[in-house]
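In what follows, a single structure is set out as C-alpha cells and then discussed.
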Amino acid sequence: MKIDKDVKKRWLLFALVNFVLIVLVFGALLAGFSAYVVTAQRNVLQDRIMRYADTLADRGAEELQVLFGSEDAGWEEDPFLLVALYTVRDNGSVGIASRSTILIRNAPALGGRVDTFQKENIGGYGYLTYTVRVDETQRNYLKVFAPYDINEIAEDKISTYAVPFAVAFVVIAAAFSLIWGYVAIKPIVAGYVKQKNFINDMSHEIRTPLAVIKGNLENVLADPEVKVGAVEEMIGNSLKEVDYMTDISAGLLNIVRGQNRSATHKESNLTEVLSEVVDLFADVATISGKALVANLEQCDIKIERESVKQLASVLIENAIKYTEEGDRIDVRLRGTKEGCVFTVADTGIGVPKSDLDRIFDRFYRGENAKDIPGTGLGLAIAAAIVEGMGGTIRAHNRVPRGLEMIVTLKRN
Ligand code: ATP
Ligand code: MG
1 MKIDKDVKKR WLLFALVNFV LIVLVFGALL AGFSAYVVTA QRNVLQDRIM
51 RYADTLADRG AEELQVLFGS EDAGWEEDPF LLVALYTVRD NGSVGIASRS
101 TILIRNAPAL GGRVDTFQKE NIGGYGYLTY TVRVDETQRN YLKVFAPYDI
151 NEIAEDKIST YAVPFAVAFV VIAAAFSLIW GYVAIKPIVA GYVKQKNFIN
201 DMSHEIRTPL AVIKGNLENV LADPEVKVGA VEEMIGNSLK EVDYMTDISA
251 GLLNIVRGQN RSATHKESNL TEVLSEVVDL FADVATISGK ALVANLEQCD
301 IKIERESVKQ LASVLIENAI KYTEEGDRID VRLRGTKEGC VFTVADTGIG
351 VPKSDLDRIF DRFYRGENAK DIPGTGLGLA IAAAIVEGMG GTIRAHNRVP
401 RGLEMIVTLK RN
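The opening position of the sequence shown corresponds to residue 1 in full-length UniProt numbering, with each subsequent residue numbered one higher.
And the structure:
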C-alpha cells in the first residue's frame, strides 16, 4: 500500500497519541507498583522491628543490662537492627545500655511515644525507631533502631529492573503504536487511494474528449448561419466523445464499487448467476456468427449477484469482441476442493505476449485492439471485482489461437 505524505503525517500523529497514552497509563501503573513495593517493604520492616522489640523486652531490664555488657550476645542478634536499653534515673537523667557503640557514643535522648514508629536522626544517620516498655515500674525502655531510608531500599530494587524494563517497554509501545496506527488507517488509506486514482484517471481521460468536443463546438459556432446537415460529422463526433466519457465514468466507478461491494451481500448462487449472463449474451453471439457454449457445473459458493454478473459480462463481452465469425467461446464452471474455477476461453485473435501482463491495467488496450473501440477498463473492473471477492484472475493464450481467462474463487 502506497502512503502519501498527508496520510503518513496522520498515521504518525495517530501513533504518537497512541504511544503517549500507553506510556501515561503504564507510568501510572508503574507509580502504583513502586508505591506498593515501598509500602510492602515498610510493613515487613515494621513487623520485624516489633517482634524483635517484644522478644527482647520479655527478658527484663536486668538480664538485658548483663547481656549488653557481655561478650556473648545470649540471644539471636539481628545484624540489621540496633537495640538500646534506656533507664530513667531518679534525677531525671537517662542512662543508655547497648551493644552498639554508635548508640552509646551518640547517647540519643529517649523521647517519643511508646509503641509507635518514629523517624530519628542519630549521628547523621536516619533510623526508624520503635520503643517499648520493659517493666512495670516504667523506668526501663527498650528502643530498636533500623537504619532507615526506605526510598533508597525500594529504589534500589526498582532500578535494577526499571531501566531495562522501561527501555524495552518504550520500544514495544512505539512499535505497537506504529503497527496499530497502520492497521487502523489501512482501510482509510485504501479508500483514499481509490478515490484519488478515480479522480486522477477521470480528469486525465476526459481531457482529450473534452478538447474534441470543444473544438467541434467552436467550429459549429464559427458560422451561426450554417445548417445542421453541414456540421453533422462534428456533432456526431462530439456525441461519440460524450458516450466515451459516460463509459469511462461508469467504468471507473465500477472499479471502485467492485472492490467494495463484492465483499458484502453474498447471497446468490454462482452457477445460477453465470447461467443468466450466458443467456444474456447468447443472441449477440449467434447474430455475430460465434458459438457460445456453456458448461456450468453446480458449484456452491455464495456471491454478490451484481458483481459476478458484471465480472462474467466483461469476460464474455471481450470474448465476443475479440473473436471473428465462426469462432467459438466456451464458458465453464467447475468445483475444486478449495472453491470454484470459472473460465472463458475463445478461439479469437488472442493477446500479444508482451501485452499479457498489462491487460488488467486501467485504460490499457492491447496492440490487437487498435481497430476495435473500447475504454480499456473492462478487465480492470473484472480484476477489482475478483480482488474484492478474495479470488484471482489470470489470462493465457491458447494453442493454436485465442485467449483463456481463468477466475479462481475460494469457498467462503
Ligand atoms: P472495454 O472494456 O471498454 O470494452 P477493452 O475491451 O479494450 O475496452 P479490457 O476489457 O480491459 O478493455 O481489455 C483490455 C485489453 O485486453 C483489450 O484492449 C485487448 O487488447 C485485450 N483483450 C481482452 N480480452 C481479450 C480477448 N478475449 N481476446 C483478445 N484480447 C483480449
Ligand atoms: Mg473489454
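By construction, the Cβ of each residue, glycine as well, lies at the ideal position given by its N, Cα and C atoms.
Asked	Found
Assigned exposure category for Ser98 - 16 Cβ within 10 Å defines buried	buried
Contact check, Val256 vs Lys194, beta carbons under 8 Å	yes
heavy atom of the ligand MG below 7 Å from Lys321 C-beta	yes
Through-space distance from Asn397 to Gly326, alpha-carbon basis	19 Å
Those residues which DSSP pairs with Val341 across a bridge	Arg334, Thr408
Local Cβ density within 10 Å of Ser238, reported as buried at 16 or more and exposed below that	buried
Heavy atom of the ligand ATP within 7 Å of Asp346 beta-carbon	yes
Same chain, Cβ closer than 7 Å to Gly289, neighbours up to 5 away in sequence not counted	Glu325, Gly326
Best match in Thr116, Val231, Gln41, Tyr141 for proximity to Arg59 [C-alpha to C-alpha]	Tyr141
Proximity below 8 Å, CB of Glu267 to CB of Lys302	yes
Rounded C-alpha distance that separates Leu170 from Gly181	Checking the sequence shown, residue 170 turns out to be Val, not Leu. Cα-Cα distance, rounded: 16 Å.
Near the ligand MG: Glu317 beta-carbon under 7 Å from a heavy atom	yes
Reference Gln65, options Val83, Phe14, Ala173, closest by Cα	Val83
Limits of the unbroken alpha helix (DSSP H) element including Glu218	207 to 222
Where Ala190 falls, given that 16 or more other Cβ within 10 Å makes a residue buried	exposed
Gly74 burial status per 10 Å Cβ neighbour count (16 or more: buried)	exposed
Cβ shell of Lys119 (< 7 Å), same chain only, five flanking positions each side left out	Gly126, Leu128, Tyr148
Alpha-carbon spacing of Phe363 relative to Ile22, whole angstroms	47 Å
Which residues DSSP lists as bridging Pro147, in chain order	Tyr127
Close Cβ partners of Glu367 (< 7 Å) along its chain, the five nearest in sequence each way excluded	Pro352, Asp355
Cβ-based neighbour list, Asn219, same chain, cut-off 8 Å, excluding 5 preceding and 5 following	Val231, Met234
Beta-carbon contacts of Ala380 that lie in its chain and below 7 Å, excluding the five residues immediately before and after	Ile255, Phe360, Asp361, Arg362
The ligand MG heavy atom lying under 7 Å from the CB of Gly402	no
Length of the line joining the Cα atoms of Arg89 and Gly27	55 Å
Cutoff 6 Å; reference Arg332; Cβ partners in own chain excluding five residues on either side	Asn295, Thr343
Cβ pair count under 8 Å reaching 3, the segment 133 to 140 against the segment 41 to 60	yes
Minimum C-alpha distance to Lys337 - residue among Thr55, Arg328, Thr408, Ser93	Thr408
Counted within 10 angstroms of its Cβ, other Cβ atoms place Lys5 as buried (16 or more) or exposed	exposed
Exposure of Leu274, with buried meaning 16 or more beta-carbon neighbours within 10 Å	buried
Closest Cα partner of Glu297 within the set Gly339, Asp54, Ser313, Leu45	Gly339
Residue(s) in a DSSP beta bridge with Ile96	Tyr86
Simplified DSSP assignment, three categories, for Arg42	helix
Reduced DSSP secondary structure (H/G/I, E/B, other) of Thr323	coil
Alpha helix (DSSP H) segments (min. 4 residues) lying fully within the segment 22 to 69	61 to 69
Cβ-based burial, Gly124 [other Cβ within 10 Å; buried from 16]	exposed
Integer Cβ distance of Gly348 from Leu403, believed to fall under 8 Å	7 Å
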